[in-house]
Amino acid sequence: MKKIIIWALAGFMITACTTGNKQKEQTKDELLKERLASLQQKGYMMGHQDDPFYGVTWKGTYAGDSAELGRSDVLATCGDYPAVMGFDLGGIELDDAKNLDSVPFVRIHDELIAHHQRGGIVTLSWHPRNPLTGGTAWDVSDTTVVKNILPGGTQHEKFKTWMKRVGDFIGTLKTDDGQPVPIIFRPWHENNGSWFWWGQKLCSDQEFHGLWNMLQDYMKEERGFHNLLWSYSPNLDGGWNEERFLQRYPGNDRVTLIGEDAYQWGTEEDFKTALTADLTFLSDFATKNQKLLAMTECGLKNMTDSTWWTRVLKPIMDQYPICYFLLWRNYEKEYFGPSPELPCASDFKRLYEADNTLFLKDIQNE
Ligand code: BMA
3 MKKIIIWALA GFMITACTTG NKQKEQTKDE LLKERLASLQ QKGYMMGHQD DPFYGVTWKG
63 TYAGDSAELG RSDVLATCGD YPAVMGFDLG GIELDDAKNL DSVPFVRIHD ELIAHHQRGG
123 IVTLSWHPRN PLTGGTAWDV SDTTVVKNIL PGGTQHEKFK TWMKRVGDFI GTLKTDDGQP
183 VPIIFRPWHE NNGSWFWWGQ KLCSDQEFHG LWNMLQDYMK EERGFHNLLW SYSPNLDGGW
243 NEERFLQRYP GNDRVTLIGE DAYQWGTEED FKTALTADLT FLSDFATKNQ KLLAMTECGL
303 KNMTDSTWWT RVLKPIMDQY PICYFLLWRN YEKEYFGPSP ELPCASDFKR LYEADNTLFL
363 KDIQNE
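Per my numbering, residue 3 is the first one in the sequence shown, and the count goes up by one each step.
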């Protein structure tokens, strides 16, 4: 009798486990999380915003000119693509054909999928216009925007349409065989500054949480997207402590990656001090809470110091478990990445040659 009970119990457990496994088939965001964690053991990836659209000395022609397809300043400088490419959705909320930086959404769609299919990793940010004033994301003239788009607010219905348009676009990001592309999604970034309508002085902690949750719940629950890995990316701060950080942190159940946007706008010393302080706090917080860590945007505008990458940025990044750093876009008037004809090109090659920096070829088959 005892034996029968033991066998029955074992059978039950095996069935329970297999059914459990079936139900728990890993989602695209979980697989991406594992991939990022495993790549982080090898080093950190190089990323670039808008990499294949235009460069410091060239403008993308989007009229089907195949010579422009896959063109990249990073590729031209070091012989490989960035491991991570970033794209922005600003403008999709109004059904615009081009984003806020004049890149057609059809092109974003194609290049994002192309980068995923060549083995790279992709990330999306969103600089939506101001839904209350009609201004840009940087219009901070009114401090009731967030309040007004939350449920019960005057702009709530309008904002629901905006979220739907973002969702519709994300829904088209699939490979040829119909698989959704895994994407690091990074909304409401730099929220500890007050230059976007969702910034620190523009809404209360509670309103910010409402904003984050509204978008996330819409994408996850209403649209059923499980290919978005959610990144919470405040700006370089220099003064984080747990109490302050937690005020706007969406919560461990809502965030997979903690990022920081960190540019050197002032002196090198100030930048180094603030970044070191922030990464010390954030890496500790991320480790304790089992989160990934990244520098989701960074750079020195127009590379006014041609050795900045290996002399200033790299020694700091080397000390922390970041999975990637993403240099902002190479727009002719404002660039943050390399280009072969710039003095910083040789420094970028040194960065490329370092053992712990990962470009596309380093991650393609991993
Ligand atoms: C900012 C600047 C702007 C751009 C925006 C969104 O940092 O580069 O020129 O429109 O990002 O890409």
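Just so you know, even glycine gets a beta-carbon here, dropped at the ideal spot from N, CA and C.
For this session: Give the straight-line distance between the Cα atoms of Tyr322 and Phe247, rounded to the nearest whole angstrom.
Result: 19 Å
Exercise. Given a threshold of 16 other Cβ atoms within 10 Å of its Cβ, counted over all protein chains shown, does Arg313 qualify as buried or as exposed?
Worked result: exposed
Exercise. From Asn23 to Leu230, what distance separates their C-alpha atoms?
Worked result: Because Asn23 sits at a pLDDT of 49, beneath the cut-off of 50, its placement in the model cannot be relied upon, and the following sentence gives the value as read from the coordinates. Cα-Cα distance, rounded: 22 Å.
Exercise. Using 8 Å as the threshold, is the segment 182 to 191 in touch with the segment 27 to 38, meaning 3 or more CB pairs across them?
Worked result: yes
For this session: Kindly indicate which three-state DSSP category Tyr2 falls into: helix, strand or coil?
Result: Limits of the chain in this structure are 3 at one end and 368 at the other, which puts residue 2 out of reach.
Exercise. Hey, is the segment 144 to 163 in contact with the segment 102 to 111, meaning 3+ C-beta pairs nearer than 8 Å?
Worked result: no
Exercise. Where does Asp90 fall in DSSP's three states?
Worked result: strand
Exercise. Under a Cβ-count criterion, where at least 16 other Cβ atoms within 10 Å of its own Cβ denotes burial, should Gly442 be classed as buried or exposed?
Worked result: Residue 442 is absent from the model: the chain starts at 3 and stops at 368.
Exercise. Any idea if Asn378 is buried or exposed, counting beta-carbon neighbours within 10 angstroms, 16 or more meaning buried?
Worked result: As shown, the chain starts at 3 and ends at 368. That puts residue 378 outside it, with no answer to give.
For this session: Please confirm whether any heavy atom of the ligand BMA lies closer than 7 Å to the CB of Arg331.
Result: yes
Problem set entry | DSSP-derived helix/strand/coil call for Asn23 | The predicted position of Asn23 is uncertain, since its pLDDT is 49 and thus under 50; a value taken from the coordinates is nonetheless stated next. Of the three classes helix, strand and coil, the one that applies to Asn23 here is helix, per DSSP.
For this session: For Ala120, count neighbouring C-beta atoms within 10 Å of its own C-beta (all shown protein chains included) and say buried if the count is 16 or more, exposed if not.
Result: Looking at the sequence provided, one finds Arg at residue 120 rather than Ala. When all chains shown are included, Arg120 counts as exposed.
Exercise. With 8 Å set as the bound, which would you pick, yes or no: does the beta-carbon of Arg225 sit closer than that to a beta-carbon of chain B?
Worked result: Chain labels in this structure do not include chain B; a single protein chain is all it has.
Problem set entry | Inter-stretch contact (C-beta, 8 Å, three-pair minimum) for the segment 48 to 61 and the segment 328 to 345 | yes
Exercise. Beta carbon of Glu336: closer than 7 Å to some heavy atom of the ligand BMA?
Worked result: yes
For this session: Please list, in chain order, all residues of the same chain as Gly72 whose beta carbon is under 7 Å from its beta carbon, the five residues on each side excluded.
Result: Pro54
Exercise. Helix or strand or just coil, what does DSSP make of Lys166?
Worked result: helix
For this session: Enumerate in chain order the residues of its own chain whose CB-to-CB distance from Pro84 is below 6 Å, with the five nearest sequence positions on each side excluded.
Result: Met48, Gly49, His50, Asp53, Val76
Problem set entry | beta-carbon Gly180 near the ligand FAD non-hydrogen atom, thresh 7 Å | Ligands in the displayed structure: the ligand BMA; the ligand FAD is not one of them.
Exercise. Any heavy atom of the ligand BMA closer than 7 Å to the Cβ of Gly88?
Worked result: no
Problem set entry | Range covered by the alpha helix (DSSP H) that runs through Cys80 | 75 to 80
Exercise. Less than 8 Å separating the beta-carbons of Thr269 and Lys293?
Worked result: no
Exercise. Taking the alpha carbon of Asp82 as the point to measure from, which residue in Phe287, Ala139, Pro340 has its own alpha carbon closest?
Worked result: Pro340
Exercise. Per the contact definition of three or more C-beta pairs closer than 8 Å, is the segment 156 to 170 in contact with the segment 204 to 223?
Worked result: yes
Problem set entry | Cβ neighbour criterion (16 or more within 10 Å) applied to Pro236 | buried
Exercise. Can we count Gly92 as close to the ligand BMA, meaning its CB is less than 7 Å from some heavy atom?
Worked result: yes
Exercise. Does DSSP classify His191 as helix, strand or coil?
Worked result: coil
Problem set entry | Buried versus exposed call for Asp136 [16 or more other C-beta atoms within 10 Å across all chains shown] | One detail in the question is off: residue 136 reads as Gly in this sequence, not Asp. Per the 10 Å Cβ criterion, exposed.
Exercise. Beta carbon of His129: closer than 7 Å to some heavy atom of the ligand BMA?
Worked result: yes
Exercise. Hey, out of Gln208, Gly241, Glu224, whose CA is closest to Ala276's CA?
Worked result: Gly241
For this session: Give me the Cα-Cα distance between Ser206 and Phe283, rounded to the nearest whole angstrom.
Result: 23 Å
Exercise. Sorry if obvious, but does the Cβ on Asp1 come closer than 7 Å to a heavy atom of the ligand BMA?
Worked result: This structure leaves residue 1 out entirely; the chain is present only between 3 and 368.
Exercise. In whole angstroms, what is the alpha-carbon distance linking Ile365 and Tyr265?
Worked result: 26 Å
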